[in-house]
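Here the structure is laid out as structure tokens; the discussion comes afterwards.
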Amino acid sequence: MKALRTVVLALVTGCGTLASPGAGDTDLPSGRSGPYRLLDSEELSEGLCLLREESVVLSDPAALPLGPHRTALYFTRREGARRTILRAVVVDGRRLEAPPEEVLAPSLAWHGDGVGAPDVAATRDGFAMVFDTAAGLGLATSADGRAWRSSDEPRLTADASLGELTPLRAPTLVVRRDDSLIIAYESAGAIWSATATALAAPLSRVDADERTPRRESLLAPGDDARDAGVVGYASGAVGDPSLRAEDSLAGRTLYRLFFSARSAPFALDGGSDFQRAVGLAGSFDAVHFTRSETAALGGRVDPSVAAPSAWSDGSLRTWLFVNGRCDSNGRNQGIRVAVAPGNRRYPRTP
């Protein structure tokens, strides 16, 4: 994606914008940008991970607020080649209310071996979920967030002529007040999007810069000097988008896009040496995004951090759920929790 006009996304806590009401779209949303700190085993009852299971990979968390202290967390359970989607309720960002339950499993031919990487949004009639399969992106609906009905076929499949050179994965969903929706997703190391006027309406792909002959992604590696692979937390590839919308006090809709980023591999070791981090970008129109100047969560403590989903239980605190290591050797991977501001430690809850 070509560099947009020069803008700065301030790294401050709180909610709002960086300019007075009525300013142009160069003034991006602030807040929730971190830096985040991963909770450790002294702060969680189950060790390093909030959710873990021996010999099984738990990943791709997606938070859906249920109230001031509770959030539903949807995530992927992968055992062998089979993937299913589970739901848990998290209290105060770090305690499970009850054991997770399975809410969506492969049941249709196009689901193949699994469904995963969910994201959920509230709708006028209940809830909608987007998820990925080997065949494409699916959409499911539910009245209560626990019993889901999948679409009979993929809602979106990869189109190489439009830059989607690899299968679509890790979709994220925003449902607007008028019932229109935005779906962002990963393909070919970049983040793309599509929109529809309603849940049942056809999806139309978004081009982030219609002045160019080819379709441009919302977010791609290599659009500024930070992406050189030396400093760039978002350089080799970006993915795992998590898009959220909220209204500012000035009445504008703010879009925050958390994403996974991988630095460019170094050729000297055969391309295996790269760094992971979680980044954040902001927008007022959900099309033109500008990145935060630094990573929201670095990979120094846990080099496996990826697939972020944020939930705020107040104006001053935000929890970030991510993929991570549940042990020092990385053999068990589950869902970890980070928090911002990160200058406070939390006593372990029973």
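This note's numbering numbers the first residue of the sequence shown as -1 and each following residue consecutively.
All residues carry an ideal CB built from backbone N, CA and C; glycine is no exception.
Check for me: the beta strand (DSSP E) holding Phe125 runs from which residue to which? Note, Phe125: beta strand (DSSP E), Gly124 to Asp130.
Pairwise C-alpha distance: Ala304 and Val337:
Approximately 15 Å between the Cα atoms of the pair.
What does a CB cutoff of less than 6 Å around Ala275 pick up in its chain, not counting 5 residues either side in sequence?
Closer than 6 Å at the Cβ level, and outside the excluded window around Ala275, lie Tyr231, Ala259, Ala293, Gly296 and Gly297.
CA-to-CA distance, Ala120 to Pro200, given in whole angstroms: Across the structure, Pro200 and Ala120 are spaced so that their CA atoms are roughly 19 Å apart.
Taking the alpha carbon of Ala103 as the reference point, which residue from Ala115, Arg93, Pro97 and Leu94 has its own alpha carbon closest?
Ala103 has its Cα closest to that of Ala115, out of Ala115, Arg93, Pro97 and Leu94.
- Item | Residue environment, Thr347, which counts as buried when at least 16 other CB atoms sit within 10 Å | It is exposed - the Cβ of Thr347 has fewer than 16 other Cβ atoms within 10 Å.
Problem set entry | Contact set for Gly134: own chain, Cβ-Cβ below 8 Å, skip 5 residues either direction | Result list for Gly134: Trp108, Pro152, Arg153, Leu154, Thr155, Ala156, Pro165 and Leu166, in chain order.
**Item:** Identity of the residue in His67, Glu52 and Arg92 nearest Gly78 by Cα
**Value:** Checked all of His67, Glu52 and Arg92; the closest Cα to Gly78 is Glu52.
Inter-residue spacing [alpha-carbon to alpha-carbon] between Asp111 and Arg323: A direct Cα-Cα distance of roughly 25 Å separates Asp111 from Arg323.
Figure out for me which residue from Ile333, Asn341 and Arg342 has the closest Cα to the Cα of Gly45.
Of the listed residues, the one whose Cα sits closest to Gly45 is Ile333.
Self-check item: Coil, strand or helix - Trp108 by DSSP
Solution: If DSSP states are grouped into helix, strand and coil, Trp108 belongs with the helices.
Using the three-state DSSP reduction, which class does Leu160 fall into: helix, strand or coil? Helix.
Which residues mark the beginning and the end of the beta strand (DSSP E) in which Asp245 is found? That run of the beta strand (DSSP E) goes Ala235 to Asp245.
Going by DSSP, what residue range makes up the beta strand (DSSP E) through Ser307? Boundaries of the beta strand (DSSP E) harbouring Ser307: Ala304 to Ser310, taken from the DSSP string.
Could you check where the beta strand (DSSP E) with Val101 kicks off and where it finishes? Unbroken beta strand (DSSP E) run through Val101: Glu99 to Leu102.
Q. Where do the N-terminal and C-terminal ends of the beta strand (DSSP E) with Val276 fall, by residue?
A. Start and end: Arg274 to Ser281.
Using only CA atoms, which one of Ser290, Pro239, Trp146 and Leu64 lies nearest to Leu171?
Looking at the Cα atoms, Pro239 is the closest of the given residues.
Please report the straight-line C-alpha distance between Gly204 and Gly136, rounded to a whole angstrom.
Sequence inspection shows Val at residue 204; the Gly mentioned does not correspond to that position. Their Cα atoms are separated by approximately 18 Å.
- prompt: Helix, strand or coil for Ala61 per DSSP?
  reply: If DSSP states are grouped into helix, strand and coil, Ala61 belongs with the strands.
Exercise. In terms of residue numbering, what span does the beta strand (DSSP E) encompassing Arg85 cover?
Worked result: From DSSP, the beta strand (DSSP E) with Arg85 extends over Arg80 to Val89.
Legend entry - Among Ser159, Pro97, Thr74 and Ala145, nearest to Phe129 - alpha-carbon criterion: Of Ser159, Pro97, Thr74 and Ala145, the residue nearest in Cα terms is Thr74.
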